[in-house]
Amino acid sequence: MIQKILNNSLLPVLCLFIILFLNKHSPTTQQKITMPEIFSQSIVVSNYDSAIKEAKTHNRDILLVVEAKWCGYCKKFRKEVLTEKTIEDELNNYVICIIDYKENSQIIKKYNISKLPSYVLIDNEGNLIKEGYGYQTKNIFIKWLKNYKSPKTDL
Numbered sequence: 008m009i010q011k012i013l014n015n016s017l018l019p020v021l022c023l024f025i026i027l028f029l030n031k032h033s034p035t036t037q038q039k040i041t042m043p044e045i046f047s048q049s050i051v052v053s054n055y056d057s058a059i060k061e062a063k064t065h066n067r068d069i070l071l072v073v074e075a076k077w078c079g080y081c082k083k084f085r086k087e088v089l090t091e092k093t094i095e096d097e098l099n100n101y102v103i104c105i106i107d108y109k110e111n112s113q114i115i116k117k118y119n120i121s122k123l124p125s126y127v128l129i130d131n132e133g134n135l136i137k138e139g140y141g142y143q144t145k146n147i148f149i150k151w152l153k154n155y156k157s158p159k160t161d162l
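Here it is in structure tokens:
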């Protein structure tokens, strides 16, 4: 039977089917970081350059969130904090940029990010305002956002 398949003209079709099936069901496709549905007034992007552009256009600072596909606390932070309706008003003051740690090495180096999740406030020129890291409850995270004055603050 295998010999018939190999000699048959159905081989290219079979190969294409296998490639498409494996691509659709591969772990990297299923684990890809997707943008959360945050709020209608929020500007949410997944690219640093787009964040800078949007921040300049709308005269906002940027909340840069760095996470990883494999990071449980990153997922928990996104689910329990970033999408929490009670902090909508505070998050709407920023362009929110969510990036993957592994795929953005230049940005990781620029802001010296070594822990996950990390969140960095930057101005619309890309200058660091302050940074924090680790899972935080929504109340602690709101305090961190509002305590805007001291640069390089860790929670």
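Residue numbers (my numbering): 8 to 162.
Using N, Cα and C, we set each Cβ at its ideal position, and we do this for glycine too.
Does residue i come out as helix, strand or coil in the three-state DSSP assignment?
i	result
cysteine 78	coil
isoleucine 50	strand
isoleucine 114	helix
isoleucine 120	coil
threonine 93	helix
asparagine 146	helix
Using the DSSP secondary-structure output, state which residues sit across from residue i in a beta bridge.
i	result
valine 73	Ile106, Ser125
aspartate 56	Looking at the DSSP assignment, aspartate 56 forms no beta bridge with any residue, so it has no partner.
leucine 135	Ile129
aspartate 68	Tyr101
tyrosine 140	Ser125
Assuming the contact rule is C-beta atoms closer than 8 Å, residue i and residue j should be a hit. Round their C-beta distance to whole Å, please.
i	j	result
tyrosine 118	leucine 98	Wrong, their Cβ atoms sit about 20 Å apart, outside the cutoff.
isoleucine 94	isoleucine 149	6 Å
alanine 58	valine 102	5 Å
phenylalanine 84	tyrosine 140	In fact, because the Cβ distance is near 10 Å, the residues do not count as touching under 8 Å.
leucine 71	isoleucine 106	7 Å
aspartate 68	isoleucine 120	Incorrect: roughly 17 Å between the Cβ atoms, too far for contact.
glutamate 61	valine 52	6 Å
Quick one, which of the options has its alpha-carbon nearest residue i's?
i	options	result
valine 76	Lys137, Asn154, Lys109, Tyr142	First, the amino acid is wrong: residue 76 is lysine here, not valine. If we check each option's Cα against that of lysine 76, Lys109 comes out closest.
glutamate 138	Ile147, Thr144, Ser125, Asn146	Ser125
serine 112	Ser49, Asn54, Ile50	Asn54
lysine 145	Asp68, Lys92, Ala62	Lys92
leucine 123	Leu89, Gly133, Glu87, Cys81	Cys81
For residue i, which residues in the same chain have their Cβ closer than 7 Å to its Cβ, ignoring the five residues on either side in sequence?
i	result
leucine 152	Glu97
glycine 133	Ile59
lysine 63	Asn131
cysteine 78	Leu123, Pro124
Note down, in chain order, each residue of its chain lying with its Cβ closer than 8 Å to the Cβ of residue i, except the 5 sequence neighbours on either side.
i	result
asparagine 66	Asn131
Leaving out the 5 sequence neighbours to the left and right, which residues in its chain are closer than 6 Å to residue i when beta-carbon positions are compared?
i	result
asparagine 154	none
isoleucine 168	Because the chain spans 8 through 162 in this model, residue 168 falls outside it and cannot be assessed.
Could you check whether the Cβ of residue i sits closer than 7 Å to any Cβ belonging to chain C?
i	result
isoleucine 120	Note that chain C does not occur in the displayed structure, where there is just one protein chain.
Please determine whether the Cβ atom of residue i lies at a distance below 6 Å from any heavy atom of the ligand PLP.
i	result
lysine 116	Only the bare structure without any ligand can be found here, which leaves the ligand PLP out of the picture.
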